[in-house]
Amino acid sequence: MGDRITLTGIEVFGHHGVLPHERELGQRFRVDVVLELDLSAAAASDDLTQTVHYGELAGDVAAIVGGEPVDLIETLAGRIADRCLADPRVTATEVTVHKPAAPLPVVAAEVAVTLRRQRSGGEGP
-10 MGDRITLTGI EVFGHHGVLP HERELGQRFR VDVVLELDLS AAAASDDLTQ
40 TVHYGELAGD VAAIVGGEPV DLIETLAGRI ADRCLADPRV TATEVTVHKP
90 AAPLPVVAAE VAVTLRRQRS GGEGP
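Residue numbers (my numbering): -10 to 114.
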């Protein structure tokens, strides 16, 4: 299936990280989400109920990033992927969490983790 919905650059302040100052002070995170699903019914009907409401999804992603702190952005990406797959129409998702201010011993633009999750067999229920 080639149909996708993409949300790019959802920016949220969160308190994730292993180091105490990351938890205390927090920092900016950016998230990209790609959903794979069949969009033919939505395209034919022009009906929002036939697709994923990406405004609601963006709000949920922001709530996850701004919510309970975790040590690893891998864990954060996993939580976001779980939310994406909560909609049975979504057959697969790719989530990238960007951490532009990651504490590194060298200069780097950012650290990012990307994970892809798919329903068993790549199909919805």
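Note that the Cβ used here is the ideal one computed from N, Cα and C, for glycine as well.
The structure displayed is predicted, hence computed values, not measured ones.
Assigned exposure category for F18 - 16 Cβ within 10 Å defines buried | Burial is judged here by how many other beta carbons sit within 10 angstroms of a residue's own beta carbon; F18 has at least 16 and is buried.
Can you give me the start and stop residues for the beta strand (DSSP E) that V81 sits inside?
-> Note that residue 81 corresponds to Ala in the displayed sequence, not to Val. First-last of the beta strand (DSSP E) with A81: 81 to 88.
Could you tell me the distance, in whole angstroms, from the CA atom of D60 to the CA atom of E25?
-> Between the C-alpha atoms of D60 and E25 there is a straight-line separation of about 28 Å.
Would you mind giving the Cβ-Cβ distance between P92 and L8, rounded to the nearest angstrom? I have them listed as a contact below 8 Å.
-> Under the criterion of beta carbons closer than 8 Å, P92 and L8 qualify as touching, at roughly 6 Å.
Helix, strand or coil: how does DSSP classify T40 here?
-> DSSP places T40 in coil when its eight states are reduced to three.
Evaluate contact between the segment 103 to 110 and the segment 58 to 76, counting only Cβ atoms and requiring at least three cross-stretch pairs below 8 Å.
-> The answer is yes - the segment 58 to 76 touches the segment 103 to 110, with three or more Cβ pairs under 8 Å.
Simplified DSSP state of G56, which is helix, strand or coil | Three-state DSSP puts G56 in coil, outside helix and strand.
Enclosing beta strand (DSSP E) for D21 [first to last residue] | Segment 16 to 25, the beta strand (DSSP E) holding D21.
Are the beta-carbon atoms belonging to A70 and V86 less than 8 Å from one another?
-> It is not a contact, given that the beta carbons lie outside the stated cut-off.
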